[in-house]
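Q: To start, I am sharing the structure in question, which I have written as structure tokens.
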Amino acid sequence: MSVENVAPVTETREFQTEVKQMLNIVIHSLYTEREIFLRELISNAADALEQFRHQNLLVEKVFDDHLSLEIRINPDQEKNTLTITDTGIGMNRGEMENNLGTIAHSGSRTFWSNLAENQRQDISLIGQFGVGFYASFMVAARVRVQSRSYRPEDHGHEWVSDGIGTYTITPCPGIHRGTRIILELKEDAKEFATEERIKQIIRRYSSFVPFPIKVAEETVNTVQAIWTRNKNEIKEEEYQEFYKYIANAFDQPLAHLHFSADAPMALKALIFLPRENIERLGFGRLDPGVNLYCQRVLIEQHSKSILPEWLRFVKGVIDSEDLPLNISRQALQDSALVAKINRVISKRLLKFFAQLAKDDPTTYEKFWNTFGMFLKEGAISDFNYRKELAELLRFESSKTEPGKLTSLADYVAGMAPGQKDIYYIGGPNREAVETGPYIEAFRKRELEVLYTLDPMDDFALSHIGEFAEHKLLSADRGDLALGDLGKTAEHQEVTKDEEKKAAKGEKTAVSLTPEETSSLLSWLKEVLGAKIKEVKESKRLTTSPAIVVNPDGFLTSSMERVMRASGQNTPDFGGKNLEINLDHVLIGGLNHLRRNDDELARKVAEQIYDNAMIQAGLMTEPRTMVGRNYEILTRLVGGQSPDA
Ligand code: ADP
Ligand code: MG
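Structure (structure tokens):
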């Protein structure tokens, strides 16, 4: 029985909703750079050829194995068509439905759904989000795709659509392996049926395609793999063009690393840092951006095994001659050699980042602001590179100007005499940190504190643990002991007196006796009950009356806030401590009040606790707090609370 002997039944199918919406915009777009459709189609053809080249090494039998691997492009002015033919992997019926009727990548789909109407008009985004094929409807009134898969048992089919709502699929016997795309050009797109225009577009966008692209028997591209060439012979523009090709990007890369090694293994890599981080812009999780080659044969596109996950933002190629050409994807994951390449390149990239920071701080800062989230993720999730990653972290601090950044190394260089630990304070922004209570102890001693304004910072620092043998400590730890660090003792006495005056306002201070103090502390503990682990006298506060701290010292309040917000159960480390400032006029007054008006005093105590929690960024239940606050205010203006 002939495998091609299939009845020509045409089936009509609907596009997925997101595809319909997208096509509607693509078809009606007034986008001036319509020519990019060709780049998209050539890039798909090249992908299909790369995949075929690899499959051909893996499976015993392929269909049409005599065909040479190439892309042919035929503009036809008479018919006003443009045909792109490849001898790649091809598609069977099911693959056509999936690949040309839906947006397969869930990230792309989410991204599309989240794009605002006006952003959707920006067609230049389309290629980047993995929906490139649909760009052909910018220039074609009707698109026909004929495809025959490389699997001997499959059949050829033709897919046809005008991009409005539906497409058809019909059996198409007798065709060769690969895919032929016939664009029936729109009236206003006649230019794309001329040879010169097509060659010009290929030279502009597709010079680096590693297969011959032929227009009327002339090969238009250069084919040679850029990463195998000598660095000194490659022009900056060539790198930029290659980046655009490999990353499907429209902009220039921020920087690139091109290197080759012979030991411990033969390796060539060309890796780019992009300018934009679309994961941060809401695209969802990025696919890895580096392709793995062996002797210029693509083994795995967007390879998951060749770099750690947190390096998924870099784009480029890694080529190793030592890999067996016929290695399967499964074997890649388990390969010791791949793991070794992974380590070598990761280390090299980290060195490259560090070098960039040293040689070109402005570019590094851009890089950090855009991709810092991935370095933090690495510090949290990957034990192997914590030391190197710690060097790369940047923070604002009490000694930097707003918006300016410092590093852990610079922090250490500027530590006070005798200072052993590195301190950081979390908060939603600089103002919140600087007006909050946690900074008081540091300000008094003129000790530098890093501001961890992104909650990920706290996670990263607590995972890193220490830097150059200095512990990394959060300022909201219960066991923070600053002692007489920082300014001289003499100087401190003076400031302390001034601060005492400030805290007490106009009232004269009556210091509490040790007995009174311990009675006040246990009264507060009794009032606050299980909400708090212990109530203690604070050694760190100067102007604030109270502060909550974490006795265990591991989980910072910022981390707790993130975990709460993401719905995780925060691990119970036994609660927080409340520290109170005995020199503060409010605490003195409270001690007095509790003897005369226990009920009001309790409300004040609870309010102090809530205020301290808010300053830690942890308030959860505002209703009780606001109600109580009104009762206190009512008393203040001389009224009786309604239920009293
Ligand atoms: P992407 O290339 O990012 O996956 P496209 O919209 O450009 O998105 O293509 C969608 C899918 O259609 C491809 O992933 C591929 O599976 C399939 N495809 C497109 N063109 C070809 C082709 N010439 N040969 C084989 N498959 C193709
Ligand atoms: Mg594509």
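In the numbering used here, the protein residues as written are 66 to 709.
Ideal placement from N, C-alpha and C gives every residue a C-beta, glycine not left out.
On a predicted model such as this, the values are computed, not experimentally measured, just so you know.
1) Should Asp617 be listed as close to the ligand ADP, given that the test is whether its C-beta is under 7 Å from any heavy atom?
2) Label Glu625 either buried or exposed according to how many other C-beta atoms from any shown protein chain fall within 10 Å of its C-beta, with 16 as the threshold for buried.
3) Please report the straight-line C-alpha distance between Asn313 and Asn449, rounded to a whole angstrom.
4) Apply the 10 Å Cβ neighbour rule to Phe315 and answer buried if 16 or more other Cβ atoms are within range, or exposed otherwise.
5) Going along the chain, which residues of its own chain have a beta-carbon closer than 6 Å to the beta-carbon of Ala254, five neighbours each way excluded?
6) Taking DSSP as the reference, what is the three-state secondary structure of His131?
7) Excluding the 5 residues flanking Glu555 on each side, which residues of the same chain have their C-beta closer than 6 Å to its C-beta?
8) Give the range of the alpha helix (DSSP H) segment to which Trp433 is assigned.
9) If you draw a straight line from the alpha carbon of Leu620 to that of Leu647, how long is it in whole angstroms?
10) So which of Leu470, Arg242, Gly230 and Glu696 has the shortest CA-CA distance to Gly221?
11) Going by alpha carbons, who is nearest to Tyr489 out of Ser94, Glu466 and Phe524?
12) In whole angstroms, what is the alpha-carbon distance linking Val650 and Val669?
13) Smallest Cα separation from Arg209: which of Glu256, Thr167, Ile168 and Met161?
14) Which residues bound the beta strand (DSSP E) around His222?
15) Measuring CB to CB, does Ile410 end up less than 8 Å from Ala334?
16) For a test of the three-state rule: what should DSSP assign to Thr689, helix, strand or coil?
17) Is it right to say Tyr695 is buried, meaning 16 or more other beta carbons lie within 10 angstroms of its own, or is it exposed?
18) Taking 8 Å as the cut-off, decide whether the C-beta atoms of Val403 and Lys380 are in contact.
19) Since Leu132 and Thr152 should fall inside the 8 Å C-beta cutoff, what is the C-beta to C-beta distance between them, to a whole number of angstroms?
20) Give every residue of the same chain whose Cβ lies closer than 6 Å to the Cβ of Trp433, excluding the five residues on either side of it in the sequence, and list them in chain order.
21) Out of Lys126, Ser271 and Ile263, state which residue places its alpha-carbon closest to the alpha-carbon of Val280.
22) On the DSSP letters alone, give me the boundaries of the beta strand (DSSP E) that Ser212 sits inside.
23) Please classify Gly543: does DSSP put it in a helix, a strand, or coil?
24) Glu252: which of Glu456, Leu147 and Leu322 sits nearest, CA to CA?
25) Report the start-end ranges of each alpha helix (DSSP H) in the stretch 279-334 that is 4 residues or longer and not cut off at the edges.
26) Under a three-way DSSP split, which group does Phe202 fall into?
27) Is the stretch 457-473 touching the stretch 388-405, taking contact as three or more C-beta pairs under 8 Å?
28) Indicate, with yes or no, if the ligand ADP has a heavy atom lying under 7 Å from the CB of Thr293.
29) Excluding sequence positions up to five away, which residues of its chain have a Cβ less than 8 Å from the Cβ of Arg495?
30) Could you give the first and the last residue of the continuous beta strand (DSSP E) run that contains Arg78?
31) If you reduce the DSSP assignment to three classes, tell me which class Ala525 lands in.
32) Below 6 Å CB to CB, which residues in the same chain sit around Thr82 once its five sequence neighbours on both sides are set aside?
A: Walking through what the data contain:
1) In terms of side-chain proximity, the C-beta atom of Asp617 is found no nearer than 7 Å to any non-hydrogen atom of the ligand ADP.
2) Result: buried.
3) So the two alpha carbons sit approximately 31 Å from each other.
4) Taking all protein chains in view, the Cβ of Phe315 is surrounded by fewer than 16 other Cβ atoms within 10 Å, so the residue is classified as exposed.
5) Closer than 6 Å at the Cβ level, and outside the excluded window around Ala254, lie Val204.
6) Coil.
7) Reliability fails at Glu555, whose pLDDT of 48 lies under 50, so the model's placement of it is uncertain and the value that follows must be treated cautiously. Sequence-distant Cβ neighbours of Glu555 in its own chain, meaning closer than 6 Å and more than five residues away, do not exist here.
8) Its alpha helix (DSSP H) spans residues Pro426 to Ser446.
9) Rounded to the nearest angstrom, the two C-alpha atoms are 27 Å apart.
10) Comparing Cα-Cα distances from Gly221 to each of Leu470, Arg242, Gly230 and Glu696, the minimum goes to Arg242.
11) Ranking the options by Cα distance to Tyr489, first place goes to Phe524.
12) Between Val650 and Val669, the C-alpha separation is close to 13 Å.
13) With respect to the C-alpha of Arg209, the residue from Glu256, Thr167, Ile168 and Met161 having the closest C-alpha is Met161.
14) His222 to Ser226 is the span of the beta strand (DSSP E), which, as asked, contains His222.
15) Closer than 8 Å, so yes.
16) Judged by DSSP in its simplified three-state form, Thr689 adopts helix.
17) By the neighbour-count rule (16 or more Cβ atoms within 10 Å), Tyr695 is not buried but exposed.
18) For Val403 and Lys380, no; Cβs fall outside 8 Å.
19) With a beta-carbon spacing of about 4 Å, Leu132 and Thr152 fall inside the 8 Å limit used to define contacts.
20) Closer than 6 Å at the Cβ level, and outside the excluded window around Trp433, lie Arg459.
21) Minimum Cα distance to Val280 is reached at Ile263.
22) Per DSSP, Ser212 belongs to the beta strand (DSSP E) from Ala205 to Arg213.
23) Coil.
24) It is Leu147.
25) Counting only runs of 4 or more, we get 301-312.
26) Helix.
27) Short answer: they don't touch.
28) For Thr293, the shortest separation between its Cβ and any heavy atom of the ligand ADP does not lie below 7 Å.
29) Cβ within range, chain order: Glu461, Pro467, Tyr516 and Leu518.
30) Where Arg78 is concerned, the enclosing beta strand (DSSP E) stretches over Glu76 to Glu79.
31) Here DSSP, grouped into helix, strand and coil, assigns Ala525 to helix.
32) The answer is none, since no qualifying residue turns up.
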